[in-house]
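Q: Below is the structure I would like to discuss, written out as structure tokens.
Number of protein chains: 2
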Amino acid sequence: MTETSQQDASNEPSPEAQEVWELLIELSASRMRQRFSRTIAELQLSPPQAHALRQLEPGQPLPMRDLACGLACDASNVTGIADRLEKRGLVERQVSPSDRRVKTLVVTPAGVVTRERLLALLHQVPAPIATLSAGEQRLLRDVLRRILDTPDEQG
Amino acid sequence: MTETSQQDASNEPSPEAQEVWELLIELSASRMRQRFSRTIAELQLSPPQAHALRQLEPGQPLPMRDLACGLACDASNVTGIADRLEKRGLVERQVSPSDRRVKTLVVTPAGVVTRERLLALLHQVPAPIATLSAGEQRLLRDVLRRILDTPDEQG
DNA sequence: TATTGTTATACTCTATAACTATA
DNA sequence: TATAGTTATAGAGTATAACAATA
């Protein structure tokens with residue numbers, strides 16, 4: 167077994183960075199995933215439906231094309247997702263005034279209610295974070311902000 | 167608004183804790199999700215197939231029931247997921263010696279190769295984490311460890 | 001010609017319920 | 001009787017390719 171570094175991008179990450187990343191994967195794949203699943207099940211939303219609702223800010227019509235991009239899926243899928251949300255009365259299709267090829271989605275009043283319940287549930291701070299000390303919370307917040315501000319060149 | 171800095175289980179979380187949680191959601195839903203999708207697409211694995219492969223440690227037969235639990239899905243789904251992995255020669259079904267009702271899954275040699283490539287890709291530390299200072303990395307690691315060690319009573 | 005949304009197709013995942021073979 | 005895995009079914013997500021309307 168040779169000592170091949172798996173990082174073609176020049177140097178190896180520190181063991182601490184490695185562990186940080188694996189802890190984040192663990193957190194995301196287990197706890198956060200469970201919580202998300204439980205939440206959307208409660209509102210009887212599928213994952214893409216929930217993600218779509220999350221992106222549809224009230225009063226801001228979103229072109230279906232853009233939603234496809236936000237959902238990271240092919241545009242053809244958005245037709246069905248929008249169909250089902252529309253059938254439940256949560257969103258509405260509108261033709262864009264500026265480009266008649268474009269259809270936008272807007273949350274209905276009922277959609278706003280569901281969206282707000284969804285966000286309220288999703289954003290409920292889990293105990294393991296709420297019980298960190300004030301100092302730890304600040305530090306964690308600052309580091310996470312920096313991580314999200316740093317572009318990721320597909321490491 | 168009262169000056170709640172500590173959590174009595176019924177109190178509001180601090181604004182810092184709130185932001186930490188929302189930053190984690192953002193990180194998980196955008197960056198980590200994209201990276202996971204790109205990775206499994208490269209290996210032509212579906213999300214549940216990748217999760218299954220991740221859980222199948224070489225040389226450790228896993229009852230299909232347990233895999234269903236690990237995937238957080240109904241047991242009936244595992245049949246199809248295992249079928250497709252088996253058809254690709256990545257896993258094998260074995261009858262448990264201790265209980266002939268139970269079938270276990272084991273990664274084949276080819277499966278081990280794919281699994282290792284998967285893990286190597288998934289675990290590549292993204293630039294935004296690799297470029298944190300050594301102090302920040304240690305701090306982040308310690309806080310994440312604590313978060314994962316703290317039980318989450320469905321906040 | 002290029003783009004937007006739709007449709008058709010094929011595959012996968014998902015839960016539910018009924019079935020089998022073991023225990 | 002209870003449990004593990006399978007099958008049947010129905011619904012939803014996914015990408016690809018072809019299509020209509022619009023630009």
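Chains as they are written, first to last, in the working numbering: chain A, 167 to 321; chain B, 167 to 321. Every residue, glycine too, gets a C-beta built ideally from N, C-alpha and C. Please read all numbers here as calculations on a predicted model, not as lab measurements.
#1: How do the segment 215-229 of chain B and the segment 246-259 of chain B stand: do at least 3 beta-carbon pairs fall below 8 angstroms, yes or no?
#2: Would you report the Cα separation of L306 of chain A and A183 of chain A, rounded to the nearest angstrom?
#3: Which of the three DSSP states is assigned to L271 of chain A in this structure?
#4: Taking all protein chains shown into account, decide if Q210 of chain B is buried (16 or more other Cβ within 10 angstroms of its Cβ) or exposed.
#5: Is any beta-carbon of chain B found at less than 8 angstroms from that of D232 of chain A?
#6: For Q303 of chain B, count neighbouring C-beta atoms within 10 Å of its own C-beta (all shown protein chains included) and say buried if the count is 16 or more, exposed if not.
#7: For my contact list, Q200 of chain B and A241 of chain A are in at a C-beta cut-off of 8 angstroms; report their separation, rounded to the angstrom.
#8: Cβ of E208 of chain B within 8 angstroms of Cβ of L287 of chain B?
#9: Is it buried or exposed, G194 of chain B, if we count other Cβ atoms within 10 angstroms and call 16 or more buried?
#10: For L228 of chain A and chain B, any beta-carbon pair shorter than 8 angstroms?
#11: Does L298 of chain B come out as helix, strand or coil in the three-state DSSP assignment?
#12: Just by C-beta distance, which residues in the segment 184-195 of chain A are closer than 9 angstroms to chain B?
#13: Would you give the residue range spanned by the alpha helix (DSSP H) that E188 of chain A belongs to?
#14: With a threshold of 7 angstroms on Cβ separation, who are the neighbours of I247 of chain B within its own chain once the five nearest residues in sequence on each side are excluded?
#15: Quickly, what does DSSP pair L228 of chain B with across the bridge? List them, please.
#16: Have a look at A:A293, A:E223 and A:M230 and flag the residue whose alpha-carbon is nearest the alpha-carbon of R266 of chain A.
#17: List, in chain order, every chain A residue whose beta-carbon is nearer than 8 angstroms to that of T297 of chain B.
#18: Within the 8 angstroms Cβ cut-off, does L222 of chain B reach chain A?
#19: Could you spell out where the beta strand (DSSP E) holding E258 of chain A opens and where it closes?
#20: Name the chain A residues that come within less than 7 angstroms of E302 of chain B, Cβ to Cβ?
#21: Using CA coordinates, which residue listed in A:A300, A:L271 and A:P275 is at the minimum distance from V309 of chain B?
#22: If the criterion is Cβ atoms closer than 8 angstroms, does the pair T270 of chain B and S262 of chain B meet it?
#23: At a Cβ threshold of 8 angstroms, is I313 of chain A touching chain B?
#24: Check for me: the alpha helix (DSSP H) holding T316 of chain A runs from which residue to which?
#25: Rounded to whole angstroms, how far is the Cβ of A293 of chain B from the Cβ of T205 of chain A, which I believe are closer than 8 angstroms?
#26: Which residues of chain B have a Cβ atom closer than 8 angstroms to the Cβ of L288 of chain A, listed in chain order?
A: The relevant details are as follows:
#1: yes
#2: Reading the first sequence from its first residue, position 140 is the one you call residue 306 of chain A. Reading the first sequence from its first residue, position 17 is the one you call residue 183 of chain A. So the two alpha carbons sit approximately 15 angstroms from each other.
#3: Position 105 of the first sequence, counted from the start, is the residue given in the question as residue 271 of chain A. Three-state DSSP puts L271 of chain A in a strand.
#4: As a first step, residue 210 of chain B must be located in the second sequence, where it is residue number 44. Q210 of chain B comes out exposed.
#5: Taking the first sequence and counting its residues from 1, the one referred to as residue 232 of chain A is at position 66. No, its Cβ sits nowhere closer than 8 angstroms to a Cβ of chain B.
#6: Indexing the second sequence from 1 puts residue 303 of chain B at position 137. The residue is buried, with at least 16 neighbouring Cβ atoms inside 10 Å.
#7: Along the second sequence, read from residue 1 onward, the residue named residue 200 of chain B stands at position 34. Along the first sequence, read from residue 1 onward, the residue named residue 241 of chain A stands at position 75. Actually they do not touch by this definition, with Cβ atoms about 17 angstroms apart.
#8: Here the question's residue 208 of chain B lines up with position 42 in the second sequence. Here the question's residue 287 of chain B lines up with position 121 in the second sequence. In this structure, L287 of chain B lies closer than 8 angstroms to E208 of chain B by Cβ.
#9: On the second sequence, residue 194 of chain B is found 28 positions in, with the first residue counted as 1. The sequence given here places Ser at residue 194 of chain B; Gly does not occur at that position. Under this definition S194 of chain B is a buried residue.
#10: Position 62 of the first sequence, counted from the start, is the residue given in the question as residue 228 of chain A. Taking Cβ atoms only, chain B never reaches closer than 8 angstroms to L228 of chain A, which makes this a no.
#11: Taking the first residue of the second sequence as 1, we reach residue 298 of chain B at position 132. The answer is coil: DSSP assigns L298 of chain B none of H, G, I, E or B.
#12: Q184, E185, V186, W187, E188, L189, L190, I191, E192, L193, S194 and A195
#13: Counting from one through the first sequence, the residue named residue 188 of chain A turns up at place 22. Residues P181 to L193.
#14: For the purposes of this step, residue 247 of chain B is identified with residue 81 of the second sequence, where counting begins at 1. Hits under 7 angstroms: P214, Q215 and A218.
#15: In the second sequence, residue 228 of chain B corresponds to position 62, counting from 1. According to DSSP, L228 of chain B bridges with B:L271.
#16: Here residue 266 of chain A corresponds to residue number 100 of the first sequence, with the count starting at 1. It is A:M230.
#17: In the second sequence, the residue the question calls residue 297 of chain B occupies position 131. Within chain A, the residues near T297 of chain B are T316.
#18: Here residue 222 of chain B refers to the residue found at position 56 of the second sequence. Chain A, which has no Cβ nearer than 8 angstroms to the Cβ of L222 of chain B, makes this no.
#19: Translated into positions along the first sequence, residue 258 of chain A becomes position 92. Per DSSP, E258 of chain A belongs to the beta strand (DSSP E) from V257 to V261.
#20: Mapped onto the second sequence, residue 302 of chain B falls at position 136. Within chain A, the residues near E302 of chain B are V309.
#21: By one-based count along the second sequence, residue 309 of chain B stands at place 143. With distances taken between Cα atoms, V309 of chain B lies closest to A:A300.
#22: Position 104 of the second sequence, counting from 1, holds the residue named residue 270 of chain B. Position 96 of the second sequence, counting from 1, holds the residue named residue 262 of chain B. Yes; because the gap between Cβ atoms is below 8 angstroms, this pair is in contact.
#23: Numbered from its first residue, the first sequence carries residue 313 of chain A at position 147. I313 of chain A counts as touching chain B.
#24: Here residue 316 of chain A is taken as the residue at index 150 of the first sequence, counted from 1. Here T316 of chain A belongs to no alpha helix (DSSP H), and DSSP marks it neither H nor E.
#25: Here residue 293 of chain B corresponds to residue number 127 of the second sequence, with the count starting at 1. Here residue 205 of chain A corresponds to residue number 39 of the first sequence, with the count starting at 1. So it is not a contact: roughly 31 angstroms between Cβ atoms.
#26: The residue you call residue 288 of chain A lines up with position 122 of the first sequence. Within chain B, the residues near L288 of chain A are I191.
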